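So the protein sequences, as listed, match chains G and U.
Using this note's numbering, the first residue of the first sequence is number 89, and each one after it goes up by one.
Using this note's numbering, the first residue of the second sequence is number 69, and each one after it goes up by one.
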Amino acid sequence: MTAPTPTGERVAVTPAAVRDAATTLFAEKGYHGTALSEVAAHLGIRTPSLYNHMRSKQELLAEIVLDTSQQVWAEFGAAVDGRADVVDRLREAARVYALRHATHRREALIVNRDVASLAEPVLSQVLDLRRRHERAVRALIAEGVAQGRLAAEDPRTASFGLLEMCVSVARWFSPDGALSAQDVAEQYSDFALRVAGLRDPD
Amino acid sequence: MRSVRATLTPDVVLDAALTLFAARGYHGTAVSEIATTLGVRTPSLYNHMGSKHELLRTIVDGTTAGVLADFHAVVDPADRPADQLRRATRTYACRHATRRREALVVNRDTTSLEEPAFGEMQARRREHEHALRAVITRGVAAGEFRVGAPALASFAIRELCVSIARWFTDDGELSADAVADQYSRFALRIVGST
Chain G
89 MTAPTPTGER
99 VAVTPAAVRD
109 AATTLFAEKG
119 YHGTALSEVA
129 AHLGIRTPSL
139 YNHMRSKQEL
149 LAEIVLDTSQ
159 QVWAEFGAAV
169 DGRADVVDRL
179 REAARVYALR
189 HATHRREALI
199 VNRDVASLAE
209 PVLSQVLDLR
219 RRHERAVRAL
229 IAEGVAQGRL
239 AAEDPRTASF
249 GLLEMCVSVA
259 RWFSPDGALS
269 AQDVAEQYSD
279 FALRVAGLRD
289 PD
Chain U
69 MRSVRATLTP
79 DVVLDAALTL
89 FAARGYHGTA
99 VSEIATTLGV
109 RTPSLYNHMG
119 SKHELLRTIV
129 DGTTAGVLAD
139 FHAVVDPADR
149 PADQLRRATR
159 TYACRHATRR
169 REALVVNRDT
179 TSLEEPAFGE
189 MQARRREHEH
199 ALRAVITRGV
209 AAGEFRVGAP
219 ALASFAIREL
229 CVSIARWFTD
239 DGELSADAVA
249 DQYSRFALRI
259 VGST
């Protein structure tokens, strides 16, 4: 389906396009600060037409946050899968997490700011995925400490710290900056290992 | 009828606004809700405040100026870079454990600031970031730190400390001081302090 934009140009309006516009606006103004009429205006359609492609603002938020949380968990699984060395697993887990926060900044900002606006049961599903991810990283650190490879005094604080450090990449990274997303992710995975107590990761 | 409500002062209004902004965001908070929290009618509230934007501006100004004042209070220019970094990150981490409302508002709602407040806030933030980066650069030059990208390390360390406000609770296992100690050690490790 297409809709006329204010300039008369016709763009395809699909559920994916609606979600993309909502992602941009939620990231910029927050979930509470965004009206559906603004999502419609962004797409160059009238608000009633928007309802052909979505059910509610809440459902848009739920889809964005749940998909993102599921992807984070899947990426963690892929990062540690088949790696025997615990330091390699932690490094790769931190690298993909930092990389995601450089490449999916809008989603990251929404997940970190607007989760409290989610309704059940999605809120619990998201919190559960997040908890699983944090516990899994914490378990890697504990394993590294048990093997004498890492020196973190408290694996829980270290996992909170290194994960949140990666999250923060979304707040300052710019694709036009001096460093690529890959470069930043590499550096942050080194920082993450240092936080976990690997004194010299190189 | 006797009133039992607390005396309304600009500070009381600011405190109520801070709590609501932190919980619901600046956009998600109406001035009428601040009035409800304080048990007054909205028109009465305006005797004690300017606009909602002015409340946000006061919160952000006070917080970012406080961060800079903290830094200069604990960092002695004559100290070794490792001691400077430890003290600077310890106080910054501690602030984010003990002043969580301010931290959440400053890190989420500053895009709602209008000029010139927005520019002033950015300048103070930049000043803090540059001061921290200068400590790291001195440490690298002195051979005390071993890190390839001082700018990235200073971003990482600052954001690491900021994140404490997102998970710390007063009734958790760790005190604010214990968390601040751990985080200052994280900072030293990130720069490869020897």
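Using N, Cα and C, we set each Cβ at its ideal position, and we do this for glycine too.
Remember, predicted model here, so these are calculated numbers, not experimental data.
Item	Value
Return the Cβ separation of Pro218 (chain U) and Val208 (chain U) in integer angstroms, given the expectation that the two are a contact with Cβ distance under 8 Å.	6 Å
Starting from Met253 (chain G), find everything on chain U with Cβ-Cβ shorter than 8 Å and list it in chain order.	Ala224, Glu227, Leu228 and Ser231
Could you confirm whether any beta carbon from chain U is found closer than 7 Å to the beta carbon of Met89 (chain G)?	Residue placement at Met89 (chain G) is flagged as unreliable, the pLDDT there being 47, under the threshold of 50; the coordinate-derived value follows with that caveat. Cβ-Cβ to chain U under 7 Å: no for Met89 (chain G).
Using the Cα positions of Gly211 (chain U) and Ala190 (chain G), report the straight-line distance between them to the nearest angstrom.	31 Å
Applying the 10 Å Cβ sphere with the 16-neighbour rule, what's the burial state of His221 (chain G)?	buried
Going by C-alpha distance, which of U:Tyr94, U:Ala84, U:Leu220 and U:Gly240 is nearest Val259 (chain U)?	U:Leu220
Going by CA-CA distance only, name the one from G:Leu178, G:Gly118 and G:Arg107 that's closest to Ser144 (chain G).	G:Arg107
What does Gln250 (chain U) touch in chain G if you count any residue whose Cβ is under 7 Å from its own?	Glu241, Asp242 and Thr245
Label Thr280 (chain U) either buried or exposed according to how many other C-beta atoms from any shown protein chain fall within 10 Å of its C-beta, with 16 as the threshold for buried.	The question about residue 280 (chain U) has no answer, for chain U in this structure spans 69 to 262.
Buried or exposed: which applies to Asn200 (chain G), given that a residue is buried once 16 or more other Cβ atoms fall within 10 Å of its Cβ?	buried
Who are the Cβ neighbours of Gln146 (chain G) in its own chain at under 7 Å, not counting the five residues just before and after it?	Ala207
Cα separation between Tyr119 (chain G) and Pro149 (chain U)?	42 Å
So with Cβ pairs under 7 Å, would you call Phe279 (chain G) a contact of chain U?	yes
Consult DSSP for Ala123 (chain G) and reduce its assignment to one of helix, strand or coil.	coil
By Cβ distance, which residues of its chain are closer than 7 Å to Glu197 (chain U), with the 5 residues on each side in sequence left out?	Ser222 and Arg226
Following the continuous alpha helix (DSSP H) through Phe279 (chain G), name the residue where it begins and the one where it ends.	Ala269 to Val283
Between the beta-carbon of Val175 (chain G) and the beta-carbon of Phe254 (chain U), is there less than 7 Å?	no
Determine the direct distance from the alpha carbon of Met117 (chain U) to that of Val81 (chain U), and round the result to whole angstroms.	7 Å
Given a threshold of 16 other Cβ atoms within 10 Å of its Cβ, counted over all protein chains shown, does Gly236 (chain G) qualify as buried or as exposed?	exposed
Rounded to whole angstroms, what is the Cα-Cα separation between Thr99 (chain U) and Arg92 (chain U)?	Inspection of the sequence shows that residue 99 (chain U) is occupied by Val rather than by Thr. Each residue's alpha carbon lies about 12 Å from the other.
Is there at least one Cβ from chain U nearer than 7 Å to Gln146 (chain G)'s Cβ?	no
Among residues of its own chain, excluding the 5 on either side of Ala84 (chain U), which ones have a beta-carbon nearer than 8 Å to its beta-carbon?	Ile102, Thr105 and Leu106
Report yes or no: is there a C-beta of chain G within less than 7 Å of the C-beta of Ile258 (chain U)?	yes
Taking C-beta pairs closer than 8 Å, name the residues in chain G that Gly93 (chain U) reaches, listed in chain order.	Gly118, His120, Gly121 and Arg201
Under the three-state reduction of DSSP, which class applies to Met47 (chain U): helix, strand or coil?	A question about residue 47 (chain U) goes unanswered here, because the residues of chain U that appear run from 69 up to 262.
In this structure, how does DSSP classify Glu241 (chain U) when only helix, strand and coil are distinguished?	coil
Leaving out five residues before and five after Pro78 (chain U) in sequence, what residues of the same chain have Cβ atoms less than 8 Å from its Cβ?	His116 and Met117
Give, in chain order, every unbroken run of the alpha helix (DSSP H) that is at least 4 residues long and sits entirely within the segment 106-181 of chain G.	124-131, 135-138 and 145-168
Relative to the alpha-carbon of Tyr276 (chain G), which residue among G:Ala240, G:Asn140, G:Glu180 and G:Leu149 has its alpha-carbon at the smallest distance?	G:Glu180
With a threshold of 7 Å between beta-carbons, can Val127 (chain G) be considered close to chain U, or not?	no
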